[in-house]
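In the numbering used here, the protein residues as written are 141 to 427. Read through the structure below, which is laid out as structure tokens, and then see the notes.
Below you can see the structure in the form of structure tokens.
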């Protein structure tokens with residue numbers, strides 16, 4: 141019963157509370173049956189056209205052929221089979237509606253099951269291939285909560301970047317115009333005062349301002365939201381169990397990112413990067 145409850149919560153994430161206000165996201169390609177969750181070494185994918193480089197977070201579809209060079213490795217999910225195929229080159233493998241089949245190569249793939257809740261979330265119409273988000277650099281760069289992002293927590297840490305050491309004024313307003321908290325700090329991070337918290341399902345604006353040397357003012361603002369209590373519980377239920385494979389963490393981080401939960405996605409990628417720095421670097425590199 142618990143797994144069905146989790147799936148039900150997941151399916152409502154995109155249509156409730158703050159998430160619906162974030163706007164609809166493009167669905168995965170209709171023909172997609174899986175995603176590349178890990179890749180090391182040289183690999184290509186072809187499906188009726190010129191071969192393309194096998195890329196982290198790229199989709200695969202029926203009729204695609206995956207080719208790995210000697211000692212190259214890739215992990216590819218298959219939604220229909222609810223499996224992750226860990227492939228080792230040299231090999232040639234074909235993708236169809238039911239499975240991924242090795243056609244040529246000396247090693248059979250290692251096959252792992254995927255948690256059903258992750259498959260359901262990956263197939264949600266709100267999820268598309270993760271895109272690189274270009275950071276905008278101003279006098280003050282608002283790091284977290286991310287601009288137009290959605291939080292799971294009601295007690296976030298506010299972080300920003302700016303040149304030099306300054307006396308910063310920080311304020312948080314509940315939209316449209318109700319001031320929730322205000323403070324000053326010389327650090328580039330700040331937390332809400334004790335006893336003050338955000339509310340699930342509401343939207344906020346946070347602002348940082350300071351006076352630079354020479355008297356020039358600088359300020360920046362970012363609007364963000366807090367997910368509903370049900371959405372937060374649903375996403376936390378999707379979090380991989382201790383000891384889960386790196387592929388499940390990549391799926392989870394991607395799901396968070398696609399729901400604009402960029403701060404929590406960043407925390408997941410920190411966990412991934414601690415185990416596999418190459419994956420974190422691949423994610424940060426524009427394709």
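Idealized CB from N, CA, C, for every residue including glycine.
Closest Cα partner of residue 255 within the set 416, 418, 281 and 381 | Taking the first residue of the chain shown as 1, we reach residue 255 at position 115. Nearest option by C-alpha distance: 381.
Check each candidate in 339, 218 and 327 and name the one with the smallest Cα separation from residue 296.
-> Stepping through the chain shown from its first residue, residue 296 is reached at position 156. Residue 339 holds the alpha-carbon nearest to the alpha-carbon of residue 296 among 339, 218 and 327.
Coarse secondary structure for residue 245, derived from DSSP in three states | Locating residue 245 in the chain shown gives position 105, counting from the first residue. In the structure shown, residue 245 adopts extended strand secondary structure according to DSSP, grouped into three states.
Could you give the residue range of the beta strand (DSSP E) that holds residue 207?
-> Counting from one through the chain shown, the residue named residue 207 turns up at place 67. Residue 207: member of the beta strand (DSSP E) spanning 205-208, first to last residue.
Measure the alpha-carbon distance for residue 391 versus residue 353 and round it to whole angstroms.
-> Numbered from its first residue, the chain shown carries residue 391 at position 251. Numbered from its first residue, the chain shown carries residue 353 at position 213. Rounded to whole angstroms, the gap between the alpha carbons of residue 391 and residue 353 is 45 Å.
Is residue 252 helix, strand or coil by DSSP?
-> Position 112 of the chain shown, counting from 1, holds the residue named residue 252. If DSSP states are grouped into helix, strand and coil, residue 252 belongs with the strands.
Let me know the secondary structure DSSP gives residue 393 once reduced to three states.
-> What you label residue 393 is simply residue 253 of the chain shown in a count that begins at 1. If DSSP states are grouped into helix, strand and coil, residue 393 belongs with the helices.
Can you give me the start and stop residues for the alpha helix (DSSP H) that residue 372 sits inside?
-> Position 232 of the chain shown, counting from 1, holds the residue named residue 372. Its alpha helix (DSSP H) spans residues 369-378.
Kindly identify the DSSP beta-bridge partner or partners of residue 430.
-> Given a span of 141 to 427 for the chain in the structure shown, any question on residue 430 remains unanswerable.
Any idea what DSSP makes of residue 178, helix, strand or coil?
-> As a working note, residue 178 is residue 38 in the chain shown. DSSP places residue 178 in strand when its eight states are reduced to three.
When the Cα atoms are used, what is the spatial distance from residue 329 to residue 315?
-> The residue labelled residue 329 in the question sits at position 189 within the chain shown. The residue labelled residue 315 in the question sits at position 175 within the chain shown. So the alpha carbons of these two residues sit roughly 22 Å apart.
Quick one, which of 306, 365 and 294 has its alpha-carbon nearest residue 336's?
-> Here residue 336 refers to the residue found at position 196 of the chain shown. Taking residue 336 as reference, the option from 306, 365 and 294 with the minimal CA-CA separation is 294.
Residue ranges of each alpha helix (DSSP H) run of no fewer than 4 residues wholly in the region 215-243, ordered along the chain?
-> You should have found no qualifying run.
If residue 200 sits next to residue 287, beta carbons under 8 Å apart, how far is it from one beta carbon to the other, in whole angstroms?
-> Residue 200 sits at position 60 when you count from the first residue of the chain shown. Residue 287 sits at position 147 when you count from the first residue of the chain shown. In fact, because the Cβ distance is near 32 Å, the residues do not count as touching under 8 Å.
Euclidean distance between Cα positions of residue 414 and residue 389 | For this step, residue 414 is matched to residue 274 along the chain shown. For this step, residue 389 is matched to residue 249 along the chain shown. Roughly 12 Å separates the two Cα atoms.
Please classify residue 216: is it buried, with 16 or more other beta-carbons within 10 angstroms of its beta-carbon, or exposed?
-> Taking the chain shown and counting its residues from 1, the one referred to as residue 216 is at position 76. Its Cβ being crowded by 16 or more others within 10 Å, residue 216 is buried.
Please confirm whether residue 211 and residue 187 have their CB atoms less than 9 Å apart.
-> Counting from 1 along the chain shown, the entry for residue 211 is found at position 71. Counting from 1 along the chain shown, the entry for residue 187 is found at position 47. Contact: no.
Counted within 10 angstroms of its Cβ, other Cβ atoms place residue 304 as buried (16 or more) or exposed = By one-based count along the chain shown, residue 304 stands at place 164. Exposed, since its Cβ has fewer than 16 Cβ neighbours within 10 Å.
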